[in-house]
Amino acid sequence: MRRGIWIALGATAGVGGMLVFSKRASAASTVSPPSGTSLPTIDLAPLPRAGDVKGDLSTNWGNTPVDLRPLFMLIEETSRIKGAGRLLSAFASRESSYVTTAQNGNAAAEQDERDDSRTAYTNNKGRNPPLRYGEEAAAFGSGGLFGQLAPYFLWTGVPELGKNAPLLDAPPSLMFQPRAAGFAAAVYLQRLLTQYRVDDHADLKVGWANPGLLGKGRGSAKYQEVRARFLEDAKKVGIDLADTATIPTKLDTSAWPGVAAVFAGLVGELPRELV
Amino acid sequence: MTVDLRCYGDDIQAAAAMLPDFELRSPAETASWYLREWQILAEALGFAQQLAAAPRAVPTTADPATAMSLAGLAAFERALRAGRPGVSESQARVQSAAIEAMAAGGAARGELWRVTIDPTTLPTGACFAEGGRSLRAFYPDTAPGYFRDGWSGPPPRAESACGWETPLVLHLGTFPWVYSSRLGDVGPGMRWTSTATQPALEGLQAVASLMEPATNLRQDARQVAAIYRHFIAHTAPLVAALPGFEAGRPVAGRLYRRGRYLYVHQGSLHVAGLDGPRGHLAATAYNYILRRFAVFFAVRRAAVRALPGLAGDVQRAARSSADPCLRQQAEEVTRAS
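As you go down the protein sequences, you meet chains Y and C in turn. Residue numbers for the first sequence, in the numbering used here: 185 to 459. Residue numbers for the second sequence, in the numbering used here: 32 to 368.
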């Protein structure tokens, strides 16, 4: 999920003409704050462990790192979207190679990523609640386990919670905390499933790259390209998309507990000064 | 009494000291120690859920170490069956037979940690058939690596049907990281599973048995010490270059030294790793391997101290061991008792 994404998540706006697709995140190092600013460092609870989840961590995970499986499963259990964990693992393999602090936008050659987050911020700040670190988000690019574009990451949950969305006062580097990235991924997944026509799992990845491709762009060369690449990714990771025991044919959001509950289940509470 | 492993060197004493000491004569203490070690092992290899669900009480044995091994191996087997086969049935059968033969021979020689055999002496030749071709069932592990320098060994005495030109070497003590190289995030031995045959289970059985006092005492600790020193010599410079972990303001995603282990803050140990002249070493592999050495020497320390209470044949084996350190320790504890 990179450019032109999180459009629906941002509530109302679309970002036209931003059809650029995933490349692997470039760096495992954390981002340095823009010069002259002092961003707070937030450290959430550690990664969940096997004992923190109930779901099966052995079947149909392929090469998903063993110590990240509980996080994917916790996203699935908290969002109550069965099958979400393994699909998000396949997404993460493409977006970050499972590097939780991957970032697109911190390298000199990644000006385009910074341009995209700048555009996302500029085009949508008027119709979304203000971000405390909006300028930093605009300059950030995208990153984290799921390759989230910084402004949209921070606006996660706005359609449901408005100005009470939980990340509005957080710095963009919060996406390097896997629990926060997982929260945003769960919300975006639910939005895709409920707001767009999603015919199959590959469509979800298309929406992850750019939801516009699920509408007017459906059937385009880019649409086909993203689908094909996702199917290759899943195969490479070793996740069988046809295994309906672990990934239902249609993901069901009817038990979605709401953004606040998903936030509480995955992230818990942010430091008081950021709420 | 205090059992001193400095006969093998101060570094070996330090390796044992990485783990808390325990008293084998205390069933509760022993059960607690083994449970924790199996939980850590299972977490690294991905069968923590199965272990948590496994029954702890084994009616046929009163020995907590053995009971924990049985529970751990049963849990591992369940996890293997839930996963996808990593090798063909024909390869798995050959692997299984080879590991069984090598483990039996290695244990008898006191060299179970690293087993070596002329593959052409095995009934299968360590070869399996696939697509009309005869292929090696294991990787020929002769390049310089983290467990030993390059070693081509004596060539097979007979001609190999699948091209073996070196001995077959497996480091069962650090299963599933059984080769001196290929120390990625998933040990090669984890793929040793087919629909019907589980060579991986036999690999972990070797690990489990080395944790049990009787097999531990029969293992020549000098072999383990030599491999440990080689591993440390080639990893210490890489580890020393990492920042030390300090509670307070850790950086997400960064790989740290924490105690003697590696730690990634808010990231995956399977993704992080060390890169040196001997190749890539995944952080999870490093931690697991280091712990296997620590466990071996910690069990050795406890087993020697408890020797007078162990079975007669185990005591005799210790007293007549080819390892002069063990002979000396056995005499000392016998005198003290």
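Ideal Cβ placement from N, Cα and C applies to all residues, glycine included. Note that the coordinates shown come from a computational prediction; the quantities given were computed from them, not determined experimentally.
By the beta-carbon neighbour count (other beta carbons within 10 angstroms, threshold 16), Thr97 (chain C) is buried. Shown here, Asn247 (chain Y) sits in coil according to DSSP, grouped into three states, outside any helix or strand. In terms of beta-carbon proximity, Ser242 (chain Y) lines the interface with chain C, with at least one pair separated by less than 7 Å. Between the beta-carbon of Ala333 (chain C) and that of Leu101 (chain C) there is about 19 Å, and that puts the pair past the 8 Å contact cut. Closer than 9 Å at the C-beta level to chain Y, one finds these residues of the segment 288–316 of chain C: Val295, His296, Gln297, Gly298, Ser299, Leu300, His301, Val302, Ala303, Thr315.
Distances from the CA of Ser357 (chain Y) to each of Y:Thr284, Y:Phe414, Y:Pro314 were compared; the closest alpha carbon is that of Y:Thr284.
DSSP places Ile130 (chain C) within a helical segment (H, G or I) once states are collapsed to three.
Minimum Cα-Cα distance from Ile43 (chain C) among the listed residues C:Ala325, C:Glu363, C:Gln346, C:Gln360 corresponds to C:Ala325. For Ala231 (chain C), same chain residues with a beta-carbon under 7 Å away, outside a window of 5 residues either side, are Leu111, Pro207, Gly220, Met221, Trp223, Thr224 in chain order.
In chain order, Gly327, Gly328, Gln332, Phe337, Ala365 place their CB closer than 6 Å to the CB of Met359 (chain Y), counting only its own chain and leaving out the 5 sequence neighbours on each side.
For Tyr282 (chain Y), the closest Cβ of chain C is nearer than 7 Å.
Under the criterion of beta carbons closer than 8 Å, Gly343 (chain C) and Asp251 (chain C) do not qualify as touching, at roughly 21 Å. Burial state of Asp251 (chain Y) is buried, judged by a 10 Å Cβ sphere holding 16 or more other Cβ atoms. For Val250 (chain Y), the residues of chain C that pass the 7 Å Cβ criterion are Gly77, His301, in the order they occur in the chain.
Contacts with chain Y at 7 Å (Cβ-Cβ) include Ala110 (chain C).
Here Tyr294 (chain C) has Phe276, Tyr287 as same chain residues with Cβ atoms under 7 Å from its own Cβ, once five neighbours each way along the sequence are excluded. The beta carbon of Ala245 (chain C) sits closer than 6 Å to those of Val345, all from its chain and outside the five residues before and after it, given in chain order. Ser277 (chain Y) is positioned such that its CB atom lies closer than 7 Å to that of Asp417 (chain Y). Residue environment for Gly284 (chain C): buried (at least 16 other C-beta atoms within 10 angstroms of its C-beta). Any Cβ of chain Y closer than 7 Å to the Cβ of Ala283 (chain C) would place that residue at the interface, and such an atom is present. Rounded to the nearest angstrom, the gap between the Cα atoms of Val255 (chain C) and Pro355 (chain C) is 15 Å.
Look at Ala278 (chain C): its C-beta is not under 7 Å from any C-beta on chain Y.
The alpha-carbon separation between Pro395 (chain Y) and Leu376 (chain Y) amounts to approximately 8 Å.
Comparing alpha carbon positions, the residue from Y:Ala291, Y:Asn348, Y:Ala448, Y:Ile265 closest to Tyr372 (chain Y) is Y:Ile265.
Look at Ala84 (chain C): its C-beta is not under 7 Å from any C-beta on chain Y. Taking a Cβ-Cβ threshold of 8 Å, none of the residues of chain Y is close to Ala239 (chain C); the smallest such distance is about 19 Å.
Think of a sphere of 7 Å around the beta carbon of Pro362 (chain Y): the chain C residues whose beta carbon falls inside it are Gln297, in chain order. Cβ-Cβ distances below 7 Å link Pro362 (chain Y) to Leu231, Leu255, Thr284, Leu329 in the same chain, with the five nearest sequence neighbours on each side left out; the list follows chain order. Contact annotation for Gly422 (chain Y) against chain C: Arg115 [CB-CB distance below 8 Å, chain order]. Within the segment 370–401 of chain Y, the complete alpha helix (DSSP H) segments at least 4 residues long are 385–393, listed from N- to C-terminus. Spanning the alpha carbons of Pro268 (chain C) and Leu305 (chain C) requires a straight line of approximately 10 Å. Here the alpha carbons of Ala47 (chain C) and Pro350 (chain Y) stand approximately 48 Å from one another.
In the DSSP assignment, Leu248 (chain C) falls within the unbroken alpha helix (DSSP H) covering 244–249.
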